[in-house]
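Engineer: Can you read through this structure? Questions will come right after.
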Amino acid sequence: MKKTTSLSFLVIVLIICNLLGCQSQNVQPQFAFTCNPYLQNLNQNGITIMWMVNNNSTSWVEYGKTEKLENKATHSESGMIDVNPGIQKVVLKDLIPGTQYFYRVASKEVKVHQAYKVIYGDTLFSETFSFTTPSPTTQSYSFLAFNDIHSKPQFVNDIVKRENGFSFAMLNGDILGDINAKDEIEKNMLIPFSSYFETGKPFFLTRGNHETRGSEARSLSKYVDTPTGNYYYSFTYGNTRFIVLDCGEDKPDDNQFYFGLADYDKYLMDEAEWLD
Ligand SMILES: [Fe+2]
Numbered sequence: 001m002k003k004t005t006s007l008s009f010l011v012i013v014l015i016i017c018n019l020l021g022c023q024s025q026n027v028q029p030q031f032a033f034t035c036n037p038y039l040q041n042l043n044q045n046g047i048t049i050m051w052m053v054n055n056n057s058t059s060w061v062e063y064g065k066t067e068k069l070e071n072k073a074t075h076s077e078s079g080m081i082d083v084n085p086g087i088q089k090v091v092l093k094d095l096i097p098g099t100q101y102f103y104r105v106a107s108k109e110v111k112v113h114q115a116y117k118v119i120y121g122d123t124l125f126s127e128t129f130s131f132t133t134p135s136p137t138t139q140s141y142s143f144l145a146f147n148d149i150h151s152k153p154q155f156v157n158d159i160v161k162r163e164n165g166f167s168f169a170m171l172n173g174d175i176l177g178d179i180n181a182k183d184e185i186e187k188n189m190l191i192p193f194s195s196y197f198e199t200g201k202p203f204f205l206t207r208g209n210h211e212t213r214g215s216e217a218r219s220l221s222k223y224v225d226t227p228t229g230n231y232y233y234s235f236t237y238g239n240t241r242f243i244v245l246d247c248g249e250d251k252p253d254d255n256q257f258y259f260g261l262a263d264y265d266k267y268l269m270d271e272a273e274w275l276d
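Here is the structure:
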């Protein structure tokens, strides 16, 4: 008898809750950009554009030499166009050196993604931004280099405003203090830097030893794009060849504070072979 009464009470509560629309655990946040576009791997003929959204989506970039944005690019692997939450990544190829390009990014929410059924939600478009590909004849330009910011990026904005004629930025390591959660990469690096660089100046990143530390250090590479896919690489800007090296951790692999998870001797040998 007591059980029946409790059940009746629960049913009444559920009916009232339903009438009031209080189904909070089922409410999805509105589909939105969570990080503005940031530019990676700029070279004379290409660039990688990355940004973030808060739900499963498929994305593209509209771009061109005028604001008509007459070209469209997507990112696919093995014939499948990307559908994923979080980081969105599109590579533009066959660009002309020394040319200004305009672009905007678009993400279409994928609410249901099954073998024989796909249901789309809203499509988001960014504002139109621009970037300029480097020319091999460029002899004079400037870039900014930052390191040891240790998750306190706020002062970078003042420097960027003061030196706004720069062509790109080098993030030379220890931009983050450590990486214990993915949102530290977003909150302390990508969201502020995409804003400071006004979605028009690319940055090149390599790791500091602090960016090898924490449970999400292994995720960092997914948020950036480099010519080799590694933290060591080279690139050309104007008349200059840059070589970017990664020293990994700062102590021997068997140091007690690496807890048996360091393999940098092998990594440095691979890197030396690449450099050679
Ligand atoms: Fe440091």
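Per the working numbering, residue 1 is the first one in the sequence shown, and the count goes up by one each step.
A virtual CB, placed ideally from N, CA and C, is assigned to each residue, including glycine.
In this text the structure is predicted, and so the values were computed from the model without any measurement.
(1) With burial defined as no fewer than 16 other Cβ atoms inside 10 Å of the residue's Cβ, what is the status of Gln40: buried or exposed?
(2) Quick check: is any heavy atom of ligand 1 less than 7 angstroms from the C-beta of Asp250?
(3) Among the residues of its own chain, which have a CB less than 7 angstroms from the CB of Asn84, if the five just before and after it don't count?
(4) What does a CB cutoff of less than 6 angstroms around Gln139 pick up in its chain, not counting 5 residues either side in sequence?
(5) Could you check what DSSP says for His150 in three-state terms: helix, strand or coil?
(6) Return the CA-CA distance between Tyr233 and Pro227, expressed in angstroms with no decimal places.
(7) Since Leu69 and Phe102 are thought to touch, with beta carbons under 8 angstroms apart, how far apart are those beta carbons, to the nearest angstrom?
(8) For a test of the three-state rule: what should DSSP assign to Asp253, helix, strand or coil?
(9) Got a sec? Which residues, its chain only, sit under 6 angstroms from Val105 by beta carbon, not counting five neighbours each side?
(10) Per DSSP, Gln100 forms a beta bridge with which residues?
(11) Who are the near neighbours of Asp246 in its chain, counting only those whose CB is closer than 7 angstroms to its CB and skipping five residues on each side?
(12) Is Asp246 a contact residue of ligand 1, with contact defined as CB to any heavy atom under 7 angstroms?
(13) May I ask whether a heavy atom of ligand 1 can be found less than 7 angstroms away from the beta carbon of Asp178?
(14) State yes or no: is the C-beta of Ile149 within less than 8 angstroms of the C-beta of Ile175?
(15) Taking Ala169 as the reference, give the member of Glu198, Phe129, Lys187 with the closest Cα.
(16) Would you check whether ligand 1 has a heavy atom nearer than 7 angstroms to the C-beta of His113?
(17) According to DSSP, what are the bridge partners of Phe125?
(18) State the DSSP-derived secondary structure class of His113, mapped to helix, strand or coil.
(19) Quick one: residues in its chain with C-beta nearer than 6 angstroms to the C-beta of Gln23, no 5 flanking neighbours on either side, listed in chain order?
(20) For the alpha helix (DSSP H) holding Pro192, just list the boundary residues, first then last.
(21) Strictly closer than 5 angstroms from CB to any heavy atom of ligand 1: give me those residues in the order they appear in the chain.
(22) For Asp253, which residues in the same chain have their Cβ closer than 8 angstroms to its Cβ, ignoring the five residues on either side in sequence?
(23) By the DSSP assignment, the alpha helix (DSSP H) with Tyr264 in it spans what residues?
(24) Quick check on Lys93: buried or exposed, where buried means 16 or more other Cβ atoms within 10 Å of its Cβ?
(25) Express the C-alpha separation of Tyr196 and Asn157 in angstroms, rounding to a whole number.
Structural biologist: Let me spell this out:
(1) As a first step, residue 40 must be located in the sequence shown, where it is residue number 40. When all chains shown are included, Gln40 counts as buried.
(2) Counting from 1 along the sequence shown, the entry for residue 250 is found at position 250. Checking the Cβ of Asp250 against ligand 1 gives no.
(3) Looking up residue 84 in the sequence shown gives position 84. So the list reads Asn56, once near-sequence residues are dropped.
(4) Locating residue 139 in the sequence shown gives position 139, counting from the first residue. So the list reads Asn239, once near-sequence residues are dropped.
(5) Start at 1 with the first residue of the sequence shown, and residue 150 comes out as number 150. His150: coil per DSSP, three-state reduction.
(6) Here residue 233 is taken as the residue at index 233 of the sequence shown, counted from 1. Here residue 227 is taken as the residue at index 227 of the sequence shown, counted from 1. Rounded to the nearest angstrom, the two C-alpha atoms are 6 angstroms apart.
(7) Taking the first residue of the sequence shown as 1, we reach residue 69 at position 69. Taking the first residue of the sequence shown as 1, we reach residue 102 at position 102. About 6 angstroms separates the two Cβ atoms, so the contact holds.
(8) On the sequence shown, position 253 is the one that residue 253 refers to. Coil, per DSSP.
(9) Position 105 of the sequence shown, counting from 1, holds the residue named residue 105. If we look at Val105 and ignore the five residues flanking it on each side, its Cβ neighbours are Pro37, Trp51, Val61, Ser126.
(10) As a first step, residue 100 must be located in the sequence shown, where it is residue number 100. DSSP, once it has assigned bridges, lists Thr132 as partnering Gln100.
(11) Here residue 246 corresponds to residue number 246 of the sequence shown, with the count starting at 1. Answer for Asp246: Thr206, Arg207, Tyr231, Tyr232, Glu271, listed in chain order.
(12) Looking up residue 246 in the sequence shown gives position 246. False, no ligand heavy atom lies under 7 angstroms from that Cβ.
(13) Translated into positions along the sequence shown, residue 178 becomes position 178. No, ligand 1 has no heavy atom inside 7 angstroms of this Cβ.
(14) The residue given as residue 149 occupies position 149 in the sequence shown. The residue given as residue 175 occupies position 175 in the sequence shown. For Ile149 and Ile175, yes; Cβs fall inside 8 angstroms.
(15) If you number the sequence shown from 1, residue 169 lands on position 169. Residue Glu198 is the option with its Cα nearest to Ala169.
(16) Counting from 1 along the sequence shown, the entry for residue 113 is found at position 113. Flag unset: Cβ of His113 not near ligand 1.
(17) Residue numbering aside, residue 125 sits at position 125 when the sequence shown is read from its first letter. Answer is Ala106.
(18) In the sequence shown, the residue the question calls residue 113 occupies position 113. Strand.
(19) On the sequence shown, residue 23 is found 23 positions in, with the first residue counted as 1. In this prediction, Gln23 has a pLDDT of 49, which is less than 50 and means its spatial position is unreliable; what the coordinates show is noted afterwards. For Gln23, where only same-chain residues beyond five positions count, there are no Cβ hits under 6 angstroms.
(20) Numbered from its first residue, the sequence shown carries residue 192 at position 192. Per DSSP, Pro192 belongs to the alpha helix (DSSP H) from 191–196.
(21) Asp148, Asp174
(22) For the purposes of this step, residue 253 is taken as the residue at position 253 of the sequence shown. For Asp253, where only same-chain residues beyond five positions count, the Cβ hits under 8 angstroms are Ala262, Asp263, Tyr264, Asp265.
(23) Numbered from its first residue, the sequence shown carries residue 264 at position 264. That run of the alpha helix (DSSP H) goes 264–275.
(24) Reading the sequence shown from its first residue, position 93 is the one you call residue 93. Lys93 comes out exposed.
(25) Position 157 of the sequence shown, counted from the first residue, corresponds to residue 157. Position 196 of the sequence shown, counted from the first residue, corresponds to residue 196. In a straight line, the C-alpha of Asn157 is about 5 angstroms away from that of Tyr196.
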